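Report on the following structure.
Residue numbers (our numbering): 25 to 207.
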């Protein structure tokens, strides 16, 4: 009789073997594959945004250090009112920024990316539309400063749009960092 009682009570798991059963199927841990994928994607977005920030800072460096300058034996020397190539370089960088933004796909940052892209296009178009003064080999120092020096008092040739672009990129960088932290 005792033997019969033990056999009938052993119904705790599949096939009656409790040691071979895993934990309850409904209690699963985090999906590490999904988490890893999200972190990788977030990291790629942050790197792309940092690249855009670096490109933008190169325009700032050109504006502060290269307007009215030429290369000479001592490094940089004065060459006033010959800034056409410098402005062409700033224009090329601004179009590259727009291209990089077009390739940036992030649902979480979609609105911020769109804002930065619009600011980039506004700056690029301002330079392009000012080609009569900015496209000359002999583009003046004053015109170059009004185009790419954000701190210049006169900013009617692109510097205002560049400042807006800089502010929007700064906001995008912060949002990308938050996205990475939350992933």
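We treat Cβ as the ideally placed atom computed from N, Cα and C, and that holds for glycine.
None of these values were measured; they are calculated from a predicted model.
- Residue pairing by DSSP puts residue 96 in a beta bridge opposite 99.
- Secondary structure note for residue 63: its alpha helix (DSSP H) is the uninterrupted segment 56 to 89.
- Residues 122 of the same chain have their beta carbon placed closer than 7 Å to that of residue 145, with the five preceding and five following residues left out of the count.
- Taking C-alpha positions only, residue 192 is separated from residue 66 by approximately 19 Å.
- By the CB criterion at 8 Å, residue 91 and residue 107 fall inside the cutoff.
- In the DSSP assignment, residue 134 falls within the unbroken alpha helix (DSSP H) covering 134 to 153.
- Per the C-alpha coordinates, the member of 137, 182, 126 positioned closest to residue 198 is 137.
- Annotated as distal: residue 168 and residue 154, with beta-carbon spacing of 8 Å or more.
- Under the DSSP assignment, residue 198 falls in the alpha helix (DSSP H) whose first and last residues are 183 to 206.
- The shortest C-alpha to C-alpha distance from residue 204 to any of 151, 55, 59, 173 is the one to 59.
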